[in-house]
DNA sequence: CACAGATTCGTATCGTCGCTAACTCCTAGC
DNA sequence: GCTAGGAGTTAGCGACGATACGAATCTGTG
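Chains as they are written, first to last, in our numbering: chain X, 1 to 234; chain V, 1 to 234.
Following this line, the structure appears as structure tokens:
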């Protein structure tokens with residue numbers, strides 16, 4: 001489906017260029033086809049639809065996003081990586097506002113998986129934090145919180161042209177959400193040490209796995225840990 | 001400009017209905033005109049443009065939003081009002097997803113002032129909190145934080161159809177942002193009591209004013225208080 | 001009442017958009 | 001050489017946003 005088609009890639013890049021340069025953040029299929037020197041039906045053969053083209057643009061945007069993340073994260077301090085990840089997210093939004101809105105603004109159609117994959121990246125980063133004992137809630141819950149706050153702050157920043165108090169606002173939001181999700185680094189005075197230990201073991205299982213238990217036993221252990229970390233669940 | 005025009009109101013309501021019922025959250029000027037039994041040029045005479053119509057729809061949405069807020073807030077506990085305001089915001093987004101996106105998603109054009117007016121409402125609610133000594137930062141900064149988090153959470157909720165862990169996520173986000181912005185209710189162990197006192201006086205001046213000082217003196221006092229509450233400012 | 005000016009609305013139309021049917025061309029396989 | 005199928009083009013359809021222009025209606029004055 002997505003084999004190495006240079007024409008397809010050229011059309012995606014042309015669409016992204018026009019999306020960024022257009023004043024109303026809109027793109028015309030005719031203009032995209034004309035930019036790469038082909039006719040309209042080739043677009044509809046490659047992407048099936050205009051929304052198919054936009055989904056491809058969004059997925060291509062995720063590729064750049066993931067490359068940017070892979071280049072900067074992954075030190076030995078997962079919490080520091082998390083902070084850098086927030087700032088990198090904001091920088092990506094600032095650098096590509098139109099593409100960012102295409103990726104993260106909820107369109108009722110849109111089969112693009114860009115947002116879900118960004119979420120997966122965030123869950124992975126948070127799982128590393130949980131394995132280090134730095135997380136107070138499950139990685140998935142923390143990821144939903146952080147991503148919603150990050151997107152909300154980024155869209156707010158894109159909306160207003162230059163209200164000049166931006167970095168402070170982003171860092172305030174980052175600290176607010178992180179302090180609610182991470183354990184205090186200095187003192188580990190947690191009210192429920194069982195909860196944190198279960199979270200930590202669960203994350204460690206996700207990261208490295210274990211050969212000491214049979215697969216069925218590991219699955220059951222996972223469910224037990226989940227019942228410990230999220231008690232109120234049907 | 002916005003005199004009591006029943007035809008104008010009918011077109012706004014028709015547009016809002018079509019916006020809510022349409023699958024792609026889109027509205028056609030022809031359909032709006034046909035719904036109220038007039039022709040296209042009347043739309044362009046009343047609203048000037050399609051974006052003018054959408055701006056009017058967004059402003060009308062703000063009216064309903066403001067009415068909903070005025071009906072529930074304003075008890076004697078401004079912090080409780082703030083919590084109710086967050087939940088009311090989420091309920092409004094859940095009830096009118098298409099209208100909510102029109103109001104709060106950043107469109108590059110859009111002369112609608114709906115978002116700014118919602119921000120003003122939030123600043124007012126936060127000023128009451130500050131006058132009660134419950135705020136740790138300036139009302140405007142807190143409003144930017146809260147609104148960005150609230151919109152981000154609401155858009156995230158609208159995007160995914162039913163990931164069933166919604167109220168918990170909304171309340172988590174609310175607690176995270178509020179705990180970063182409000183003072184701890186039990187103990188008032190603030191690191192900078194001068195800062196909090198200045199914030200409180202500034203809010204009290206905004207709310208009630210004073211006759212003990214001349215207007216010029218009050219203005220100068222305001223600037224001094226601002227220099228105390230936000231030290232790093234050109 | 002008559003009439004001029006302004007306002008308001010409908011008819012018809014333009015240019016553009018997303019999208020598709022039908023045809024042509026080029027290449028692979030026997 | 002011939003055919004089958006993929007890849008591309010031309011031409012066009014219906015719907016959209018927006019507008020020019022004339023008809024109808026209202027308003028105020030003599």
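Glycine included, C-beta positions come from ideal geometry on N, C-alpha and C. In this text the structure is predicted, and so the values were computed from the model without any measurement.
Residue 46 of chain X is outside the set of residues whose beta carbon lies under 7 angstroms from a beta carbon in chain V. For residue 147 of chain X, the enclosing alpha helix (DSSP H) stretches over residues 139 to 159.
Taking residue 61 of chain X as the centre and dropping the five residues before and after it, the same chain places the C-beta of 16, 96, 99, 100, 102, 103, 114 closer than 8 angstroms to its C-beta, in chain order. Bridge partners of residue 135 of chain V according to DSSP: V:182. Between residue 154 of chain V and residue 93 of chain V, the gap from beta carbon to beta carbon is short of 7 angstroms.
For residue 213 of chain X, there is no enclosing alpha helix (DSSP H), as DSSP gives it neither H nor E. By a beta-carbon distance limit of 8 angstroms, residue 140 of chain V contacts residue 123 of chain V. Their separation comes to about 6 angstroms.
Measuring C-alpha to C-alpha distances from residue 219 of chain X to each of X:202, X:230, X:87 identifies X:202 as the nearest. With respect to the C-alpha of residue 181 of chain X, the residue from X:126, X:107, X:74 having the closest C-alpha is X:126. Residue 86 of chain X sits in a helix when the DSSP states are folded into three classes.
In terms of Cβ geometry, residue 183 of chain V and residue 134 of chain V form a close pair [threshold 7 angstroms]. By the 16-neighbour rule on beta-carbons within 10 angstroms, residue 212 of chain X is exposed.
Against residue 109 of chain V, the close residues of chain X are 24, in the order they occur along the chain (beta-carbon pairs closer than 7 angstroms).
Rounded to whole angstroms, the separation of the alpha carbons of residue 88 of chain V and residue 56 of chain V is 22 angstroms. Judged by DSSP secondary structure, residue 59 of chain V falls within the alpha helix (DSSP H) whose first and last residues are 50 to 72.
Residue 173 of chain V and residue 149 of chain X do touch by the CB rule: their CB atoms are close to 7 angstroms apart, below 8 angstroms. Under the Cβ criterion of 7 angstroms, residue 158 of chain X is counted among the residues facing chain V. Counting other Cβ atoms within 10 Å of its Cβ, residue 5 of chain V stays below 16 and is therefore classed as exposed. Around the beta carbon of residue 112 of chain X, a 10 Å sphere encloses 16 or more other beta carbons of the protein chains shown; the residue is thus reported as buried.
Taking all protein chains shown into account, residue 105 of chain V has 16 or more neighbouring C-beta atoms within 10 Å of its C-beta and is therefore buried.
The three-state reading of DSSP puts residue 230 of chain V in coil, since its state is none of H, G, I, E or B. Around the Cβ of residue 170 of chain X, a 10 Å sphere holds 16 or more other Cβ atoms; the residue is buried. In this structure, the straight-line span from the alpha carbon of residue 167 of chain V to that of residue 76 of chain X is close to 35 angstroms. Rounded to the nearest whole angstrom, the CA to CA distance from residue 121 of chain X to residue 70 of chain X is 10 angstroms. Secondary structure remark: continuous alpha helix (DSSP H) runs of at least 4 residues inside the stretch 18 to 51 of chain V, in chain order: 29 to 36, 40 to 46. For residue 180 of chain X, the chain V residues whose Cβ falls inside 9 angstroms of its Cβ are 172, 173, 175, 176, 177, 179, 180, in order along the chain. Proximity of chain X to residue 105 of chain V at the Cβ level (cut-off 9 angstroms) is accounted for by 101, 105, 106, 155, 159, in chain order.
Taking the Cα of residue 128 of chain V as reference, the smallest distance to any Cα among V:35, V:49, V:80, V:34 is reached at V:80. Around residue 19 of chain V, the same chain offers 27, 98 as residues with beta carbons nearer than 6 angstroms, after the five sequence neighbours per side are excluded. Proximity to residue 107 of chain V across X:209, X:74, X:159 peaks at X:159, based on C-alpha coordinates. Residue 34 of chain X and residue 49 of chain X have their C-alpha atoms roughly 17 angstroms apart.
When rounded, the separation of the alpha-carbon atoms in residue 42 of chain V and residue 8 of chain V is 9 angstroms. The DSSP-derived three-state label of residue 111 of chain X is coil. In this structure, the beta-carbon distance from residue 14 of chain V to residue 36 of chain V falls below 7 angstroms. In the structure shown, residue 75 of chain X adopts coil according to DSSP, grouped into three states.
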